[in-house]
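Colleague:
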Amino acid sequence: MPELPEVETVKNGLKQLIGTTIDNIIIRFPRLRYPLDQQLLSKSIDQKIISISRRAKYLIFHLEHGYLIFHLGMSGRITLISGIAPKVLKHDHVDLICNDYVLRFNDPRRFGCLIYTEDLNTCKLLSNLGPEPLEPEFTAKYLYDKIKSRSTPIKQLIMDNAIVVGVGNIYACESLFLSGISPIRKGNNLTLKECNSLVKNIQQVLLDAINSGGSSLRDYKNANGELGYFQQCHNVYGRAKELCKICQTIIVDIRLGQRNSFYCPNCQS
DNA sequence: CGAATCTCCTGGAGGC
DNA sequence: TGCCTCCAGGAGATTC
């Protein structure tokens, strides 16, 4: 799925749209995460794109009088086409026509979304988000205070967007391994020191993902044919029944909050 | 408020 | 080769 670093990359690839005007929005298939509201989305027509930003995994188009907000879900892809658009393919749900460009949104699994709002502050999608993991506000003290009264397993807490955004399942598993912390430990059981390690390792894992080319899609390869982050050698993610690279203990996987969670029972406690 | 569970959806993988 | 079943995965909604 597109992870936070990849959304950042997508954002940077859309800079050419800044300054263009939305001439039309074509909705072919409205049933995404939230039903696409043709009438509401049409309010973006004739508005100029002032800037494009990212918050968590949301892409935000700042228009003259409102905002278009995209989320790529887990299979969403945005293609920017210059000139005549190619044939429409399966799952090409939306086209945004911006002067000479066509922004095409394709999403096979339809977990993505596109909404229009005139007020970011009252937008429910953005109102309850925690800090960005790579920004200075995400500190050991912050995390410690957030989780010190919670009995939920730590893995679920670091994947909770109200606590910190952008930590997907892979990052959560890997950062806990690097910190030597078991995913099932309760939040209120972690020390400040452990929070410090966890914050550092979450940031390190994210930076590694950025440096390795962003995408974590299973079948992703970059232009050089190199594998994306998903297929890089993880320490624990996807390695159930294999041996820990550090201590040769068998990696186990358990179910936490409907998510597969991998860890080394010896290195992580 | 917190915690646990449910839900959306399809392509790909594995079994037979 | 073809069908069937299972599953991942973000995050809001729902229920207690």
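If you're matching positions, the first sequence starts at 310 in the working numbering and goes up one per residue. From the three backbone atoms N, C-alpha and C, an ideal C-beta is built for every residue, glycine too.
Please list, in chain order, all residues of the same chain as residue 439 whose beta carbon is under 7 Å from its beta carbon, the five residues on each side excluded.
Modeller: The count along the first sequence starts at 1 and reaches residue 439 at position 130. Taken in chain order, the residues that qualify are 470, 471, 472, 473 and 474.
Colleague: Less than 8 Å between the C-beta atoms of residue 331 and residue 358, yes or no?
Modeller: Taking the first sequence and counting its residues from 1, the one referred to as residue 331 is at position 22. Taking the first sequence and counting its residues from 1, the one referred to as residue 358 is at position 49. Yes, Cβ-Cβ distance for residue 331 and residue 358 is below 8 Å.
Colleague: Taking 7 Å as the cut-off, is the beta-carbon of residue 371 closer than that to any non-hydrogen atom of the ligand FMN?
Modeller: Among the ligands in the structure shown, none appear at all, so the ligand FMN cannot be discussed.
Colleague: Using the three-state DSSP reduction, which class does residue 319 fall into: helix, strand or coil?
Modeller: Position 10 of the first sequence, counted from the first residue, corresponds to residue 319. The three-state reading of DSSP puts residue 319 in helix, counting H, G and I together.
Colleague: Taking the beta strand (DSSP E) that residue 570 falls in, what are its first and last residues?
Modeller: For the purposes of this step, residue 570 is taken as residue 261 along the first sequence, with counting starting at 1. Element bounds for residue 570: 568-572.
Colleague: Within 10 Å of its beta-carbon, does residue 344 have 16 or more other beta-carbons around it, so buried, or fewer, so exposed?
Modeller: Translated into the one-based positions of the first sequence, residue 344 becomes position 35. Classification for residue 344: exposed.
Colleague: Three or more C-beta pairs under 8 Å: does that hold for the region 461-468 against the region 564-574?
Modeller: yes
Colleague: Is residue 325 closer than 8 Å to residue 412 when the C-beta atoms are compared?
Modeller: Translated into positions along the first sequence, residue 412 becomes position 103. Translated into positions along the first sequence, residue 325 becomes position 16. Between residue 412 and residue 325, the gap from beta carbon to beta carbon reaches 8 Å or more.
Colleague: Tell me which same chain residues have a C-beta within less than 6 Å of the C-beta of residue 494, skipping the five on either side of it?
Modeller: Numbered from its first residue, the first sequence carries residue 494 at position 185. Answer for residue 494: 463, listed in chain order.
Colleague: Counting along the chain, where does the beta strand (DSSP E) carrying residue 332 start and finish?
Modeller: The sequence position of residue 332 within the first sequence is 23, counting from 1. Run containing residue 332: 331-336, per the beta strand (DSSP E) assignment.
Colleague: Between residue 548 and residue 320, what straight-line distance do the alpha-carbon atoms span, to the nearest angstrom?
Modeller: Start at 1 with the first residue of the first sequence, and residue 548 comes out as number 239. Start at 1 with the first residue of the first sequence, and residue 320 comes out as number 11. Cα to Cα, residue 548 sits roughly 32 Å from residue 320.
Colleague: Hey, residue 391 and residue 409 are a contact pair by Cβ (cut 8 Å); roughly how many whole angstroms apart?
Modeller: The residue labelled residue 391 in the question sits at position 82 within the first sequence. The residue labelled residue 409 in the question sits at position 100 within the first sequence. The pair is a contact, with the Cβ atoms about 6 Å apart (cut-off 8 Å).
Colleague: Residue 364 bridges to which residues according to DSSP?
Modeller: Within the first sequence, residue 364 is the residue found at index 55, counting from 1. Beta-bridge pairing links residue 364 to 367.
Colleague: Quick check on residue 486: buried or exposed, where buried means 16 or more other Cβ atoms within 10 Å of its Cβ?
Modeller: As a working mapping, residue 486 is identified with position 177 in the first sequence. Buried is the call here.
Colleague: Tell me the DSSP secondary structure of residue 408 in three-state form.
Modeller: Taking the first sequence and counting its residues from 1, one reaches residue 408 at position 99. When DSSP states are grouped into helix, strand and coil, residue 408 belongs to the coil group.
Colleague: In chain order, what residues of the same chain lie with their CB nearer than 8 Å to the CB of residue 401, ignoring the 5 residues before and after it?
Modeller: Mapped onto the first sequence, residue 401 falls at position 92. 337, 413, 414 and 415, listed in sequence order.
Colleague: Would you say residue 570 and residue 504 are within 8 Å of each other, going by their C-beta atoms?
Modeller: For the purposes of this step, residue 570 is taken as residue 261 along the first sequence, with counting starting at 1. For the purposes of this step, residue 504 is taken as residue 195 along the first sequence, with counting starting at 1. Contact: no.
Colleague: Relative to the alpha-carbon of residue 455, which residue among 508, 432 and 374 has its alpha-carbon at the smallest distance?
Modeller: Counting from one through the first sequence, the residue named residue 455 turns up at place 146. The shortest C-alpha separation from residue 455 is found at 508.
Colleague: Which of helix, strand or coil does DSSP assign to residue 546?
Modeller: For this step, residue 546 is matched to residue 237 along the first sequence. Note: residue 546 maps to coil in three-state DSSP.
Colleague: So for residue 476, helix, strand or coil by DSSP?
Modeller: In the first sequence, counting from the first residue as 1, residue 476 sits at position 167. Residue 476: coil per DSSP, three-state reduction.
Colleague: Quick one: what's got a C-beta closer than 6 Å to residue 346's C-beta in the same chain, skipping five residues either side?
Modeller: The residue given as residue 346 occupies position 37 in the first sequence. Nothing meets the Cβ criterion.
Colleague: Helix, strand or coil: which one does DSSP assign to residue 314?
Modeller: Position 5 of the first sequence, counting from 1, holds the residue named residue 314. Helix, per DSSP.
Colleague: Can you give me the Cβ contacts of residue 377 inside the same chain, cut-off strictly under 6 Å, excluding the 5 residues immediately before and after it?
Modeller: For this step, residue 377 is matched to residue 68 along the first sequence. Within the same chain, 353, 370 and 425 come within 6 Å of residue 377 by CB-CB distance, once the 5 residues on both sides are set aside.
Colleague: At which residues does the alpha helix (DSSP H) containing residue 391 begin and terminate?
Modeller: Counted from its first residue, the first sequence places residue 391 at position 82. Counting along the chain, no alpha helix (DSSP H) covers residue 391; the unbroken beta strand (DSSP E) around it starts and ends at 386-391.
Colleague: According to DSSP, what are the bridge partners of residue 561?
Modeller: Position 252 of the first sequence, counted from the start, is the residue given in the question as residue 561. In DSSP, residue 561 forms a bridge with 572.
Colleague: What does a CB cutoff of less than 8 Å around residue 372 pick up in its chain, not counting 5 residues either side in sequence?
Modeller: Counting from one through the first sequence, the residue named residue 372 turns up at place 63. Within the same chain, residue 372 has close Cβ partners 331, 353, 356, 357, 358 and 359.
Colleague: Leaving out the 5 sequence neighbours to the left and right, which residues in its chain are closer than 6 Å to residue 367 when beta-carbon positions are compared?
Modeller: Residue numbering aside, residue 367 sits at position 58 when the first sequence is read from its first letter. 378 and 380, listed in sequence order.
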